[in-house]
Each structure stands twice: as structure tokens, then as C-alpha cells.
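Residue numbers (the UniProt record's numbering): 1 to 266.
Structure (C-alpha cells):
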């Protein structure tokens, strides 16, 4: 597991004074994600993501979060084609929100305040009118920027919801470290480690009260989606040798805040 927030090279607060004439053309290229072999995944995304990605749990003990595997070797994203297109169907919200992100000095506090930032190094940022303006001629936020704010607010809500899900899994002792080994088409062997999965035996051994708690929180379905997604490890490994361009345009930048809501698990 490597390179998470490092896709943001120079994230600075969005202001009228600094970005009044800026436009952003997002979604045209995913070159910025070429070296990311996993990205955080929110629980609302499990249903869509499990169809093509492997969902595992990564991070330090107190910061574990679900992630979608995009490659099995460091600094390798098998879903970014040679042309920079996304070679998959569903684009995780973590990537769709780029080049925008919320920053906060106390993000884990209930009363945390957040500042909207933009990665000024993103190639789609410009003052030439390409893409969507951030502010109108009067210096007011455009509908596009309002939509971005709504999308990131929804993302933050889902982030808190996802943390509660992971905490329950930890409290129930369900997460186990896992190591996966692959033999590639070239004959080379590759090992993927540094992540956890739900232990099936411990899941089956949960008490009726614990199972009911998972069910009432709509989290049992999330567990099953995670377990079912493990079958995607082999197809991901088979992409080594060069991903193909997507046959159709994948979902990219948000057009409205509701675009984040991709599953009934939220």
C-alpha cells in the first residue's frame, strides 16, 4: 500500500483573491493517479466498487480505512492507461474529487472546521477559461464550485460513517492481516502485503447480539461485498502488461453533490 494523499502536490485554500480568474478542467486525464496502487473507499461506494476492484483495509491501527486496490506492486496503478484515461468503469470518489480537498487541523473532532483547497499543480488548473470557472465576474462562487463544495461535504459525511464501520469491525476482532502472492504471466512472483481482511471464521462465530448490531447498522452487506470483492485479485493481476483504454467514458468530476451517493448503504 503506498501513496495516498500524495496525489496532492500543492493544495492551497481556494480564495477569490488568488483564484478569481481560475478555471478547472477535471476528468480529462488521470495521469495524477498513475503511481497510486490503492485509494480510500467510502462505504457508500462498496456496491459499485466491489464489481471490479478488490476492497481491503489498509493503514495504521488507529487509522484503518477501506481501500480499493488498483495495483499489486508499489507505485503502479493498473487502471490508468498509457494515454492517461481511466481503464475501469467506476472511478472512486477519492479520485473524482481531485484536484479539490478539504483541509483541517482537527479533522477527527466533531466540531472540526474545514477549508476547501485546490491542488495548484494539477494540469487542469488554468486562467485561460478551459473547463469550469471557480468564481464568476462578480467574484461569487459559480454553480460548479458550489457543487464541488457539496461533493466534498458529502465525502466528509461518508468518511465519518466509514470510520464507524471500521471501528465496529475492530471492536468485534474481525480484521486479520493478509498477504497475497501472485505468479504473473511472465513467471515473476509478486507479493502484496500491508492490508487486512475480515476473518470469515470469526464472522461466523459472532454472537446473535453482534450479528444483529451489524444488520441494524446495514453493515453486514458491506462485509459480504468486501469478502466477495476478494475474487477480483486475480483479474487485477492479469492487467499487468498494460491496461487497455476504457471502452466508455467513466464517471469523473461531480456535476452535483448527489453524485457521491452511489449506494444505499449510506
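Even for Gly, the Cβ is constructed at its ideal location relative to N, Cα and C.
Taking one C-beta from the stretch 35 to 54 and one from the stretch 215 to 228 each time, how about it: are there three or more such pairs within less than 8 Å? Because the criterion of three Cβ pairs below 8 Å is met, the stretch 35 to 54 and the stretch 215 to 228 touch.
Residue range of the beta strand (DSSP E) that residue 13 falls in? Along the chain shown, one-based indexing puts residue 13 at 13. Looking at the DSSP string, the run of the beta strand (DSSP E) that includes residue 13 is 11 to 13.
Give me whichever residues DSSP pairs with residue 178 in a beta bridge. By 1-based counting over the chain shown, the position of residue 178 is 178. Bridge partners of residue 178: 195.
For the candidate residues 200, 231, 172, 91, whose alpha-carbon lies nearest to that of residue 213? Along the chain shown, one-based indexing puts residue 213 at 213. When only C-alpha atoms are compared, the closest one is 172.
Under DSSP, the beta strand (DSSP E) around residue 115 begins and ends at which residues? For the purposes of this step, residue 115 is taken as residue 115 along the chain shown, with counting starting at 1. Start and end: 115 to 119.
What residue range is occupied by the uninterrupted alpha helix (DSSP H) comprising residue 236? Here the question's residue 236 lines up with position 236 in the chain shown. 233 to 237 is the span of the alpha helix (DSSP H), which, as asked, contains residue 236.
For residue 183, which beta-bridge partners are listed by DSSP? The residue labelled residue 183 in the question sits at position 183 within the chain shown. Bridge partners of residue 183: 189.
CA-to-CA distance, residue 19 to residue 126, given in whole angstroms: Within the chain shown, numbered from 1, the residue matching residue 126 stands at position 126. Within the chain shown, numbered from 1, the residue matching residue 19 stands at position 19. If you take the alpha carbons of residue 126 and residue 19, they lie about 9 Å apart.
Based on the DSSP output, what are the partners of residue 75 in its beta bridges? Locating residue 75 in the chain shown gives position 75, counting from the first residue. Its beta-bridge partners do not exist; DSSP assigns none.
Selected residue, minimal CA-CA separation from residue 95, among 143, 37, 62: Here the question's residue 95 lines up with position 95 in the chain shown. Among 143, 37, 62, the Cα nearest to that of residue 95 belongs to 37.
From 177, 140, 68, 32, residue whose alpha carbon lies closest to that of residue 100: As a first step, residue 100 is located in the chain shown; it is residue number 100 there, counting from the start. Taking residue 100 as reference, the option from 177, 140, 68, 32 with the minimal CA-CA separation is 32.
Can you give the Cα-Cα distance for residue 71 and residue 139, rounded to whole angstroms? The count along the chain shown starts at 1 and reaches residue 71 at position 71. The count along the chain shown starts at 1 and reaches residue 139 at position 139. Each residue's Cα considered, the two are about 42 Å apart.
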